[in-house]
Each structure stands twice: as C-alpha cells, then as structure tokens.
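Structure first, then comments.
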Amino acid sequence: MPAILQLKFAPFGTPPKGVLIVFCGEGLKFGPDVRRALAPTGDLVTRAATAERFQGKKGSILDILTPAGLEVTRLVIVGAGKVADLKPEEFVKLGGIAMGKLSPAATDAQIIADLPGSAVKPERAAELALGVRLRAYIFDRYKTKRKEGEESPKEIKVAIAVAGVAAVQKAYASRDAVAKGVVLARDLVNEPANVLFPEEFARRAGELKKLGVAVEVLDVAAMRKLGMHALLGVGQGSERESRCVIMRWNGGKRGVDPIAFIGKGVCFDTGGISIKPAAGMEDMKGDMAGAACVVGLMQVLAARKAKVNAIGAVGIVENMPDGKAQRPGDIVTTMSGQTIEIINTDAEGRLVLADVLHYVNKRFKPKFMIDLATLTGAIIIALGHEQAGLFSNDDRLAERLIKAGQATGERVWRMPLGPEYDKKIESKFADMKNTGGRDAGSITAAQLLLRFVDKTPWAHLDIAGTGMGSPQSDTNKSWASGFGVRLLDRLVADHYEK
Ligand code: BES
Ligand code: MN
Ligand code: ZN
15 MPAILQLKFA PFGTPPKGVL IVFCGEGLKF GPDVRRALAP TGDLVTRAAT
65 AERFQGKKGS ILDILTPAGL EVTRLVIVGA GKVADLKPEE FVKLGGIAMG
115 KLSPAATDAQ IIADLPGSAV KPERAAELAL GVRLRAYIFD RYKTKRKEGE
165 ESPKEIKVAI AVAGVAAVQK AYASRDAVAK GVVLARDLVN EPANVLFPEE
215 FARRAGELKK LGVAVEVLDV AAMRKLGMHA LLGVGQGSER ESRCVIMRWN
265 GGKRGVDPIA FIGKGVCFDT GGISIKPAAG MEDMKGDMAG AACVVGLMQV
315 LAARKAKVNA IGAVGIVENM PDGKAQRPGD IVTTMSGQTI EIINTDAEGR
365 LVLADVLHYV NKRFKPKFMI DLATLTGAII IALGHEQAGL FSNDDRLAER
415 LIKAGQATGE RVWRMPLGPE YDKKIESKFA DMKNTGGRDA GSITAAQLLL
465 RFVDKTPWAH LDIAGTGMGS PQSDTNKSWA SGFGVRLLDR LVADHYEK
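Numbering-wise (our numbering), the sequence shown opens with residue 15 and increments by one.
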C-alpha cells in the first residue's frame with residue numbers, strides 16, 4: 015500500500031494516467047461520464063464482464079490489464095450494486111475499495127466519481143475521497159526492511175474526476191479534517207508504549223495548540239493537589255509519571271456551556287499486581303484508544319473550525335506491577351470524595367475515568383459528557399468487534415449517538431444500566447469496589463462511572479472491541495481503527511453547531 019498519497023480533484027474528461035478506476039451499477043450500468051471515458055475500448059468491457067460473469071454487484075471487481083484503446087495500465091471496475099439504495103456512508107466504503115485496488119507499484123491513478131442514474135453530489139464525491147484517504151493509511155515507521163519482491167511504497171497521485179471541482183473541494187474541506195483526525199488517533203494507538211508513555215502522549219496532544227486549541231497539562235503534583243487519587247493510584251507502580259491533559263476548543267458562542275469528551279489513556283496495561291497473562295499482552299499498548307480518539311476529535315473540531323465549545327480531557331497513565339504499585343485491598347479516595355476498594359488492579363480504566371469525569375463535570379459544567387474507553391474484555395464477548403457498547407443516563411443523547419453511528423458506520427449498541435447491577439459493586443470497606451465479578455462485567459464497570467457524573471447527561475462508549483484489533487475493513491487495514499472520531503464529529507455537526 016502506498017505511503018504518501020497525493021489526492022486531488024479534476025474535472026470529468028481529464029485524460030487518465032496509470033490506473034483508471036470506475037464504478038458501475040448492477041447490470042453493468044455506467045454513468046454518462048464513465049461511458050464517455052470507456053468509449054475508446056469498444057466492447058472490451060462487455061466481453062470481459064461476460065467472461066468473468068461480472069454484473070456490478072456491490073463490492074465486486076473487474077480488473078482489466080492494459081485495456082486496448084486506453085492509455086492506462088489497468089482498468090478497474092468496482093461494482094456499486096443497486097445505486098439508488100446507496101447510503102452516504104457507502105460512498106466512503108467505495109472510496110476505500112477503489113484505493114485498495116492500487117498496488118504498491120502504482121504511481122498514478124484516476125477514480126471517476128460517476129454512477130448511473132442521478133449525478134454524484136459534491137458531498138458524496140467528498141465522502142468517496144475520505145474513503146480513499148482512510149484506506150491509504152499505513153503505520154510502517156518501524157519497518158526498515160522489505161521482503162524480496164515487495165517494493166517500498168512510493169508516492170501515489172490519485173485524481174478523483176468530478177463534475178464540479180470547486181464544489182467538491184468545498185465539501186471535502188471538512189472531510190479532510192476528519193481524515194487527519196482519524197490518522198492522528200490511529201497513529202497514537204499503533205505507537206508502542208516505550209515510545210508513547212504519558213509525558214509523550216501529553217506532548218503530542220500539546221501540538222493541537224497550533225490549531226488554536228488551548229491545552230493544559232496536569233502533572234502528578236497538580237493532580238495530587240486536586241485529590242485525584244484514583245487516577246494516581248493506577249500510575250504509582252510505573253516509572254513513567256501520570257498526566258491529565260485538558261484541551262479546549264472555543265468555536266462556539268462565548269459563555270455557552272461546552273460539550274465534553276473524556277478518554278481513557280492507559281499507555282500500557284499490564285494489569286498491575288493482578289497481572290495479565292503473557293499471551294496477547296502486547297495489545298495493551300492500545301489501551302489508550304479512548305484518549306487517542308478524544309485527541310483526534312479535538313483536532314478535527316479545530317481544523318474544521320467547528321462552531322462549538324468543546325472540552326477534551328484525557329487521563330494518561332501506565333499500569334505496571336512494581337514495589338510501589340497499588341495492591342488488591344487498597345482503598346483510594348477519589349477527587350469526588352467517594353472511596354473505592356481495589357479488588358483487581360487490572361480494572362484500572364474506571365479508576366482513571368472516575369477522577370477525570372468528576373473533574374470535568376465540576377470545572378466546566380458541560381451540557382453532556384461522553385467518555386470513550388477500552389474498558390472491558392466483556393464487551394468483546396457481548397458485541398464482538400462490530401459495535402461499541404453504549405451506556406447512558408440520557409435517552410436523547412443515546413439516540414443521537416446511535417443515529418450518528420449508523421450514518422458513519424461506527425456503530426454503537428445500547429446496553430442496560432440499573433440499580434440491580436449497581437448492587438454488585440457494593441464494598442465491605444469502602445463506598446464501592448472496582449470490580450463486580452464476571453457477570454455483566456461491562457455493565458458493572460459502567461455503573462461505577464455513573465457514580466461520578468451526577469445528573470449531567472452522560473454516555474460511555476466501551477471501545478475495547480472496536481478501537482483496535484478489529485477486522486480489517488474497506489476503510490482500514492491497520493491494527494488501530496481510530497474508532498469514534500467520525501462518530502463524534504458527526505454527532506457534533508448534526509446537533510451541537512449553529
Ligand atoms: N484494558 C482492559 C480491557 C481490554 C481487554 C481492552 C481486551 C481491550 C482488549 C481493562 O483494563 C481490563 O483489564 N479489564 C478487565 C476487568 C476485570 C479485571 C474486571 C477485563 O476486562 O478482564
Ligand atoms: Mn486492565
Ligand atoms: Zn485497561
């Protein structure tokens with residue numbers, strides 16, 4: 015897959031170079047501009063389609079090398095299925111599929127954004143371009159060698175041919191911001207923990223200042239002063255100091271209450287004294303996917319100058335076993351004053367979030383708080399890698415998140431909360447304990463968080479299954495997904511900007 019993508023838009027009729035990619039509807043139907051582009055090939059496409067029984071079903075591919083009549087090296091026809099039924103989100107996928115057909119050797123390509131039926135709207139062409147960008151992402155900064163025969167990725171120029179370049183460029187501006195935010199989130203999640211430890215995470219978040227985001231970093235002394243002992247307890251067994259980063263984007267009206275996004279940022283989760291088994295532990299470098307999403311989202315909001323006041327707050331720690339590490343049985347006092355008995359030091363994410371949720375709620379009095387966390391293995395058992403778990407004390411916020419999930423393909427499934435579950439985290443010694451046993455593990459974790467949000471509308475997204483290690487998709491081939499950035503950007507754009 016090519017490393018450096020140069021994406022631009024060109025008017026229909028621009029002579030293609032390199033690989034030409036076009037779309038067709040079911041029954042091998044083409045849009046007028048594709049028909050014009052393919053005219054010099056005569057009946058080649060029909061003959062090739064017949065030979066391959068290609069009919070243009072959604073996601074199917076017809077690949078023709080050195081097509082006679084065209085000055086291109088390859089002609090790729092991507093099936094779009096029933097074109098009238100295509101949802102906006104599917105244009106992102108089509109862009110991803112198109113990008114996926116380019117080999118590392120390719121240097122030039124043209125994708126014609128034309129379909130049979132009605133003309134492709136500028137927004138849809140821009141979504142297609144977003145899909146191209148997302149699919150082009152690779153994380154290979156630590157690869158110094160290539161296998162034999164495997165060429166090193168080159169720069170690739172992709173032109174998307176559209177009806178009106180200016181209109182598409184305008185529509186694409188916000189998608190460009192989204193693409194960069196997703197890439198930032200993926201980079202943070204893919205980065206190993208020896209490179210990305212709390213201080214370094216905070217430094218990278220600090221780069222958002224260039225876009226006009228106010229970034230504050232709380233160090234250990236500052237957090238001690240605030241009484242964030244639940245968060246600090248998680249980090250106390252690590253050589254790396256904990257941090258809390260608060261990002262503020264004030265694109266909305268002055269004095270209007272902000273909306274707030276909170277992320278779990280465990281740079282590495284060994285489990286602590288309740289140490290995890292060795293197999294697969296390397297994946298716990300991604301235990302900061304919630305925080306990565308919050309940073310990526312703040313970048314999007316700033317880059318597209320969103321008309322909203324938004325807070326991003328992330329608790330950044332490393333959970334290590336050590337002579338100074340916290341023990342099962344320890345009791346910590348949270349910033350809210352409530353006490354938590356530690357039963358299992360591997361249930362650390364909720365401890366970090368308890369303090370950050372309370373801090374944000376108290377300081378900013380936000381309209382709502384949404385937290386994202388790779389919180390429980392149990393959510394993977396419940397929902398697999400397809401949807402994130404959604405927990406909320408507010409039906410309207412939950413409904414909006416579900417809709418935004420359907421619109422972006424970053425889907426969320428609502429899970430229950432309730433006093434029955436809350437009973438399971440009662441402690442003999444403290445106000446609560448940090449685990450409620452195996453049953454309903456994702457729900458009891460959410461119940462603990464709920465105790466730190468008061469009456470504020472709140473939603474918790476458990477992204478343990480979707481933030482990393484999810485199956486590769488048309489728009490992502492990397493281990494980290496950047497899940498949540500597109501979802502939350504859509505939520506903000508649809509409901510919280512004026
Ligand atoms: N970071 C893990 C959850 C996780 C598991 C994320 C797999 C991604 C993939 C979390 O801190 C954790 O260890 N949770 C425990 C909780 C238990 C001790 C109550 C779990 O899920 O087993
Ligand atoms: Mn853990
Ligand atoms: Zn964890």
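Built from N, CA and C at the ideal position, the CB exists for glycine as well. Quick caveat, the model's predicted, so the values are computed rather than measured.
*Measuring from each Cβ to the nearest heavy atom of the ligand ZN, keep the ones under 5 Å and list them in chain order.*
Val280, Asp283, Asp301 and Gly363
*asked:* Would the region 356-375 count as touching the region 459-469 if we require 3 or more Cβ pairs under 8 Å?
replied: yes
*Straight-line CA distance for Ala303 to Phe215?*
12 Å
*Return the residue from the list Lys437, Leu222, Thr28 and Ala235 that minimises the CA-CA distance to Val523.*
Residue 523 falls outside the range modelled here, since the chain spans only 15 to 512, and no answer is possible.
*asked:* Classify Lys184: buried if its beta carbon has 16 or more other beta carbons within 10 angstroms, exposed otherwise.
replied: exposed
*Reduced DSSP category for Leu225 - H, G, I as helix; E, B as strand; rest coil*: Correct three-state label for Leu225: helix.
*Considering only the beta carbon of each residue, do His474 and Thr347 sit closer than 7 Å?*
no
*Would you mind sorting Pro16 into buried or exposed? The rule is 16 or more other CB atoms within 10 Å of its CB.*
Caution is warranted here: a pLDDT of 43 is assigned to Pro16, below 50, making its placement in the model unreliable, and no coordinate value can be reported.
_DSSP beta-bridge partners of Gly279_ = Ile330
*Can we count Thr359 as close to the ligand ATP, meaning its CB is less than 6 Å from some heavy atom?*
Absent from the structure shown: the ligand ATP. Ligands present: the ligand BES, the ligand MN and the ligand ZN.
_Ser456 and Ala392 closer than 7 Å at C-beta_ = yes
_Starting from Gly93, trace the beta strand (DSSP E) in both directions and tell me its first and last residue._
Arg88 to Gly93
*Whose C-beta lies closer than 8 Å to the C-beta of Asp271 among residues of the same chain, with five residues either side of it excluded?*
Asn323, Phe378, Lys379, Pro380 and Lys381
*Does the Cβ-Cβ distance between Ser492 and Tyr156 come in under 7 Å?*
no
*Closer than 7 Å by C-beta to Gly62: which residues in its own chain qualify, once you throw out the five before and the five after it? Chain order, please.*
The identity of residue 62 in the sequence shown is Ala, whereas the question assumes Gly. Here the set comprises Leu76 and Ile78.
_Does Val209 pass the burial test, meaning 16 or more other C-beta atoms within 10 Å, or should it be called exposed?_
By the 10 Å Cβ count, Val209 comes out exposed.
_Does Gly131 pass the burial test, meaning 16 or more other C-beta atoms within 10 Å, or should it be called exposed?_
exposed
*Output the residue ranges of the alpha helix (DSSP H) runs that lie fully inside the region 78-132 and measure 4 residues or longer, sorted by chain position.*
102-114
_Environment of Gln486 [buried if 16+ CB atoms lie within 10 Å]_ = exposed
*Member of Arg49, Leu311 and Gly241 whose CA lies at the smallest distance from the CA of Ile273*: Leu311
*State the Cα-Cα distance for the pair Arg257 and Gly279, rounded to the nearest angstrom.*
9 Å
*Roughly how far, in whole angstroms, is the beta-carbon of Val229 from the beta-carbon of Ala219, given that I think they are within contact range, below 8 Å?*
6 Å
*On the DSSP bridge assignment, give the partners of Thr353 in chain order.*
Thr347
*Report the rounded CA-to-CA distance for Trp427 versus Asp409, giving the unit in angstroms.*
13 Å
*Sequence-distant residues of the same chain with beta carbon closer than 8 Å to Ala98, five excluded per side*: Gly131
*What are the boundary residues of the alpha helix (DSSP H) that Ala148 is part of?*
It should be noted that the sequence gives Leu, not Ala, for residue 148. First-last of the alpha helix (DSSP H) with Leu148: Pro136 to Ala150.
_Residues that DSSP places opposite Arg257 in a beta bridge_ = In DSSP, Arg257 forms a bridge with Ile330.
*State the DSSP-derived secondary structure class of Met15, mapped to helix, strand or coil.*
Any answer about Met15 is weak, because its pLDDT of 39 lies below 50 and its placement is not dependable; what the coordinates show is given next. Here Met15 sits in coil by DSSP.
*asked:* Measuring only from the beta carbon, is Gly391 closer than 6 Å to any heavy atom that is part of the ligand BES?
replied: yes
*For Gln340 versus Gly247, is the C-beta distance shorter than 7 Å?*
yes
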